[in-house]
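Residue 48 in our numbering sits at position 53 of the sequence shown, with consecutive numbering throughout. Ideal placement from N, C-alpha and C gives every residue a C-beta, glycine not left out. Let me begin by presenting the structure, written as structure tokens, before commenting on it.
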Amino acid sequence: MAQMIPDSIRKTATSGEKLLFKAFKEHLPEEYLVYYEPDIKGRRPDFLIMGPRLGLLILEVKDYTRSTLVNLNPDEWTIQYGKAEITTVKNPLKQAREYAFHVADFLKKEKSLLRWEGETGKLKFPYGFGTVFTKLTQEQCLSDQIYHVIEPHLILTQNDIDPASNTFSPTGLVEKLNRMIPFRQDHREYLEPEDMSTIRFHLFPEVRISANWGKPSKYKEEWLLSLTDVKTMDLHQENLAKQIGEQHRLIRGVAGSGKTVILASRVKTLFKQHPDWRILVLCYNIALANVIRQMIQQKLMEPEDLLDLIPQSEESREQNQIEVYNYHEFVSKKLGLTEYATPKESQQLPVYDAILIDEGQDFEPEWLQLISQCLNPDTKSLLIVEDRAQNIYKRKWNLLQHTGLDFRGRSKYLSINYRNTAQILNFAWDFYQAHSTVGSKTTNEDLIEIIPPRHTQRKGPEPIVCRADHFQDEIHFVAKSIKKLHTQFHVAYSDMLILYRIKKNKYIPYVDILKNVLDEHHLPYFWISESNETKRKFLKQENSIKISTIESAKGLDFRAVFVVNLDNIPFKLVEDEEREAALLYIAMTRAVEWLFLSYSGRSKYTDYLESITQVHERKSKPSVEAEVVKAESEVAATSEVVIEEIEEKQEEPKETEERDNAMAKSTFDVVNFSRENHNKLVFETLRGWRKKKAALDNAPAYTIMEDKSLLILATFIPHTQEEFLSLPYFKEKRWEQYGVELLDILKKYKQSYNIFDYFPRYVSVSPTVKTTKVEEPQSILQKIMGIFK
């Protein structure tokens, strides 16, 4: 079943278009993407089809009958419907060809879609065009000489698209579409999923989520804008973005489902379609209002097709027509009221043609009543987006009662989370279900209010949980993790967020300690929730780590999120644990890729975390004197053990792989153990590495590494050379061949087993060396003193 956009055809479509739409939807492969009447830069072909092995195809559809056609030639056709006047129209194939060339020329501006070898400058995928005559059979096309003006392979007839026809076949339909591609050559590439996303990104602006773009360099204006990090919405989201109708609408979605993105896209659409409208955007918290304002400005400043060199400036008109506020700022600045005051009957309220509300679950019923009074009764264009699982203020309201508008039949649901990896989302939702009476409900009626999230196939590291002895140690762990993410994984400081529950208590100034430790590590930061003024000044792209309360982070997302001081959640002074569970759920779902949870005390939630996951411990730093005493005793013991082990090794012959296998078997069956206990994600990642390695070496995959070896790696996940070499089947030769690159892969995943609990530590032995150098206590003392300086 193909993916259709939109997923249903308009009621006014012709019977032939409906027949073709159904045939494509039910009989084309599921990887095919079919657009019905897409608007492409002012042109509107009937169908645009994309498929990995097909390429891109434009179709023009006609419901002509034999009696409709009067005179035909390659350029123009004379037609007559019933007793209507005879008219002259363009040959439908010529029309389809013009559409196809229009699209191809447009896409050639995108460098990533071009060939850079052979036919340079041409599209790297095949494209073509054709016609569909929904009410003409092949016999009629032949007898009426239509095949004289359009080649048979460029025509779909009723026989090809009607399942009721004796000659219809899904395979035949796909083959006919493939034969319509005149520019197909053997050396042309298939249309990769990334290319399909790029094409959708350019042809249909409303599906854009983000792209890094900017004004062309002054000295390189001849270079076209190059897009990076292109993301496109899931088809469910894209359909929703296209189908938001006029007047009042409600969107309910899970965290990370793109509700705010859709709201911002809706603002741009209204701004373009209704140049004279006044548009109001409201949310609850100040920081989110600032982010929405920046998002809308970015969308309006983007070139219309993101390929033009000069962005269209809409700033002056936008400032006058689009207003973005948090609710309290709106009632204060625009109405001159306090939070719970109501306007006098004589007070004239501002009127907006469209009002859009983000995080609607946080609004009081009285607020909605007031806002609805500001809505133009002629347009009734009110959009509310919400997620009841993030309702930390426990608002309860009835939309019909408090807005006067009936949203029944005007709601959409977003259940797919795009922000978080599967690991983060599952972790967060399991927590929420375990601690929220709302999240644990499973009846259909309840699911209308709380939507269980579904995740995409995007994978990532498991959330990391750390327990420390003191809060300061906890923050040192955070600071070191930030440095590692920044240097090893290239996560920008601007894409990291530290969340806290309380600023301080009677004994501990949590935020002050946090800032001091970050200063110690020379890490830049910006405290979002320090004041209302800092919330308004917050710029996400600023090169700094952001610090915020959980409440102020609603609606935001960052690649890496650190939730600290978890022992203060649930907060002891708050009786509403339902709200506390929602807060931690919100905190965890701010993380796009990396989630760190840390604490230095105990709470109901830390006990839960310790029961379900591996916790990393961070001990306090011992004194220098203790370190010296410990070092001296360890050196003495280590000297004896290492020398003794080396002397024993000198007497033994070099181990062979067969002996190594036997040793492993004598303890336990490591291969079977690994088959049952390996990390499946790591195993598949390693198989992918082996496949690429084999392709480069032009050799069978098993000659690179057997499955049993990959299973062992995926079970014990070595992070160091010593751990790698301690595993059975992994000795110096394998280390020299693949060790470094394998560790680079494996270091991204946490270990489930301590390798040295199963295998002896590896000790390197050189046949020509009979002694080993052991560091003296004095040298270790010098090192320790260096650390504590």
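Could you tell me whether the Cβ atoms of residue i and residue j are closer together than 8 Å?
| i | j | result |
| --- | --- | --- |
| A259 | K294 | yes |
| S593 | F472 | yes |
| S133 | T152 | It is worth fixing the name first, because residue 133 is Gln in this sequence and not Ser. Cβ distance < 8 Å, so Q133 and T152 count as in contact. |
| F124 | A79 | no |
| E573 | T432 | yes |
| I379 | L245 | yes |
| Y427 | Y580 | yes |
| L492 | V556 | yes |
| D382 | G248 | yes |
| L705 | R729 | no |
| L351 | V286 | no |
| Q418 | P458 | yes |
| I156 | V127 | yes |
| N86 | D100 | no |
| H22 | L118 | no |
| H197 | E324 | no |
| V56 | E12 | yes |
Label residue i either buried or exposed according to how many other C-beta atoms from any shown protein chain fall within 10 Å of its C-beta, with 16 as the threshold for buried.
| i | result |
| --- | --- |
| M(-4) | exposed |
| H516 | exposed |
| W111 | exposed |
| G251 | buried |
| T799 | Residue numbering for the chain in the displayed model covers -4 to 784; residue 799 lies beyond these limits and cannot be assessed. |
| P121 | buried |
| T680 | buried |
| L52 | buried |
| V84 | exposed |
| I607 | exposed |
| Q609 | exposed |
| S3 | exposed |
| V569 | exposed |
| L328 | Reading off the sequence, residue 328 comes out as Lys, not Leu. Exposed: under 16 other Cβ atoms inside 10 Å. |
| N667 | exposed |
| L494 | buried |
| D34 | exposed |
Can you list, in chain order, the residues of its chain with a C-beta nearer than 6 Å to that of residue i? Leave out the 5 residues immediately preceding and following it.
| i | result |
| --- | --- |
| L400 | H243 |
| F754 | S721 |
| Q292 | none |
| V636 | Low confidence applies here, because V636 scores a pLDDT of 37, under 50, leaving its location unreliable; read the following figure in that light. Around V636: no qualifying Cβ. |
| I638 | Reliability of the predicted coordinates at I638 is poor, the pLDDT of 32 falling under 50, and the value obtained from them is presented with this limitation in mind. Nothing meets the Cβ criterion. |
| D353 | T255, L258, C278 and V380 |
| M45 | L28, L51 and M191 |
| N538 | Y488 and S489 |
| A689 | A696 and I699 |
How many whole angstroms separate the CB atoms of residue i and residue j, which I take to be in contact at a CB cut-off of 8 Å?
| i | j | result |
| --- | --- | --- |
| E414 | T584 | Note that residue 414 is Arg in the sequence shown, not Glu. Indeed they touch by this definition, with Cβ atoms about 7 Å apart. |
| E588 | R554 | 5 Å |
| L508 | Q467 | Contrary to the premise, residue 508 reads as Ile rather than Leu in this sequence. Contact holds; Cβ gap of about 6 Å. |
| C369 | N321 | Between N321 and C369 the Cβ distance is about 15 Å, and since that is not below 8 Å, they are no contact. |
| Y59 | L15 | Not quite, the Cβ-Cβ distance comes to about 14 Å (not below 8 Å), so this is no contact. |
| S747 | F591 | Not really, about 19 Å apart at Cβ, beyond 8 Å. |
| F678 | A709 | 4 Å |
Could you tell me whether any Cβ in chain C is nearer than 8 Å to the Cβ of residue i?
| i | result |
| --- | --- |
| S598 | You won't find chain C in this structure, because it holds only one protein chain. |
Among residues of its own chain, excluding the 5 on either side of residue i, which ones have a beta-carbon nearer than 7 Å to its beta-carbon?
| i | result |
| --- | --- |
| Q135 | R61 |
| R654 | Because the pLDDT of R654 is 40, which lies under 50, any placement of that residue in the model is unreliable, and the number read from its coordinates should be weighed accordingly. None. |
| R5 | none |
| D190 | L108 and F120 |
| I81 | V65, T73 and Q75 |
| I523 | A282, T529, K530, F533, K541, I542, S543 and S547 |
Check each candidate in the options and name the one with the smallest Cα separation from residue i.
| i | options | result |
| --- | --- | --- |
| P147 | L277, L137 and I156 | L137 |
| S489 | K743, K57, N667 and F521 | F521 |
| T482 | Y502, T416 and L518 | L518 |
| I786 | W730, D100, Y502 and D514 | Nothing can be reported for residue 786, as the shown portion of the chain is limited to -4 through 784. |
| F199 | K57, Y30, L377 and T162 | Y30 |
| I176 | D425, D357, A586 and A91 | A91 |
| M(-1) | A8, S10, E25 and T7 | E25 |
| W424 | L578, H269 and M700 | L578 |
| R273 | H97, K267, K742 and I317 | I317 |
| D395 | L363, R195, M290 and H611 | The question names Asp, but residue 395 is Leu in the sequence shown. Comparing Cα positions, the closest option is L363. |
| F266 | N315, P345, L149 and D373 | N315 |
Only counting the same chain, and skipping five residues up and downstream in sequence, which positions put a Cβ closer than 8 Å to that of residue i?
| i | result |
| --- | --- |
| L738 | P713, H714, T715, Q716 and F719 |
| V512 | Q467, I470, H471, V473 and A474 |
| K478 | H516 and L518 |
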